[in-house]
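A.B. asks: Below you'll find the structure I mean.
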Amino acid sequence: MTWLGPDGQRSELSVSALLNSAIKTANLLGDVYELGPGDTITLRLPHHWQVPVWLSAIDVVGAHVILLPPGAPAPHCTATVDADPRHAVESSARLAVAVSTHPLGLPGDVPEGVIDHAREMLGQPDELVTELSDGLRLTTTDQGTLSGADIVELARGPCRDLGARGRLLSAVPPWTTPGVLAAWAVPILAESCVVLADAAAGPIAESERITHIARNHGGTLKVTQWDRTTTG
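Residues 87 to 318 in the numbering used here are what the sequence shown spells out, letter by letter.
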């Protein structure tokens, strides 16, 4: 997975690095804070590689995840996860987590009552110690609540279009169902790479050796082969 930030940042993560982050985060959620089926976690993160990490971790513990744009009002929930510590501290949830989307981490100390994800995660085991659950439910801004089985079914067509070892470029917001599929489910199930960026064609596609483009087509993820005439 590769993430290209709006200010020229570039982070490239291997499968093992993403898996390690997801396992540590799952241990933090399940083993330390005892979150699981019946709990609701509101995820308000920007288009970033942390989104698939958190979705994988929440999938492990089997909680209900609500995906919203950064800064959106959070519904009643057990935990909130935000890139901006100021949004996290405003939450009335039992657990508020601040997640850094900057390579150097969060600036300064987090407010009282907010957990610094990077700092807390590092102390977690590299192997899964929390109980594995299959109760994932996922709510996006466009299609309501979906089960894990629903996500797999929606990913089947895009996986066929992408194929193994493809390189998918996605600028689709991760709080939409197509964005979740493009950033998380499709690359995993298709065993392919994904590049998360704010633009979906042109120089980025050239420099990142992109083979396919992800688009939100009326609430459906469309994966199309990229060529030099593709725009948007």
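Virtual Cβ for every residue (Gly too), placed ideally from N, Cα, C.
If you draw a straight line from the C-alpha of L105 to the C-alpha of P259, how long is it?
C.D. replies: One C-alpha to the other measures close to 22 Å.
A.B. asks: DSSP on W341, reduced to helix/strand/coil?
C.D. replies: Residue 341 is absent from the model: the chain starts at 87 and stops at 318.
A.B. asks: Can you tell which of A204, G148, V137, P132 has its C-alpha closest to the C-alpha of A158?
C.D. replies: Comparing Cα positions, the closest option is P132.
A.B. asks: Apply the 10 Å Cβ neighbour rule to L208 and answer buried if 16 or more other Cβ atoms are within range, or exposed otherwise.
C.D. replies: exposed
A.B. asks: Skipping 5 residues on each side, what residues in its chain have a beta carbon closer than 6 Å to that of G234?
C.D. replies: L222
A.B. asks: Between I201 and V183, is the Cβ-Cβ spacing less than 8 Å?
C.D. replies: yes
A.B. asks: Given that a residue counts as buried once 16 or more other Cβ atoms are within 10 Å of its Cβ, and exposed if not, what is Q95?
C.D. replies: exposed
A.B. asks: Suppose only complete runs of 4+ residues qualify. What are the alpha helix (DSSP H) ranges in the segment 184 to 261, listed by chain order?
C.D. replies: 203 to 208, 234 to 248
A.B. asks: From H134 to S293, what does the alpha carbon distance come to, in whole angstroms?
C.D. replies: 19 Å
A.B. asks: Tell me which residues share the same chain as P244 and place their Cβ nearer than 7 Å to its Cβ, disregarding the 5 neighbours each side in the sequence.
C.D. replies: When the five nearest sequence neighbours on each side are left out, the beta carbons in the same chain lying within less than 7 Å of the beta carbon of P244 are those of L267, V272, L307, V309, in order along the chain.
A.B. asks: Quick check: the Cα distance between A103 and P138, rounded to an integer number of angstroms?
C.D. replies: 12 Å
A.B. asks: Which term fits D195, buried or exposed, when burial requires 16 or more other beta carbons within 10 angstroms of its beta carbon?
C.D. replies: exposed
A.B. asks: In this structure, does DSSP put I274 in helix, strand or coil?
C.D. replies: helix
A.B. asks: Relative to the C-alpha of E213, which residue among G91, T111, D93, V101 is closest?
C.D. replies: Ranking the options by Cα distance to E213, first place goes to T111.
A.B. asks: Answer with buried or exposed for V342, where buried requires no fewer than 16 other C-beta atoms within 10 angstroms of its C-beta.
C.D. replies: No information on residue 342 is available, as it lies outside the stretch 87 to 318 that the chain covers here.
A.B. asks: Taking all protein chains shown into account, do 16 or more other C-beta atoms lie within 10 angstroms of the C-beta of T231, making it buried, or fewer, making it exposed?
C.D. replies: exposed
A.B. asks: Using the rule of at least 16 other Cβ atoms within 10 Å of the residue's Cβ for burial, across every protein chain shown, is D220 buried or exposed?
C.D. replies: exposed
A.B. asks: Any idea which residues DSSP pairs I299 with across the strands?
C.D. replies: L255, T310
A.B. asks: When burial is assigned at 16 or more other CB atoms within 10 Å of the CB, is G304 buried or exposed?
C.D. replies: exposed
A.B. asks: So which of V238, L282, N302, R295 has the shortest CA-CA distance to A276?
C.D. replies: V238
A.B. asks: Does L141 pass the burial test, meaning 16 or more other C-beta atoms within 10 Å, or should it be called exposed?
C.D. replies: Residue environment analysis places L141 among the buried positions, since at least 16 neighbouring C-beta atoms fall within 10 angstroms of its C-beta.
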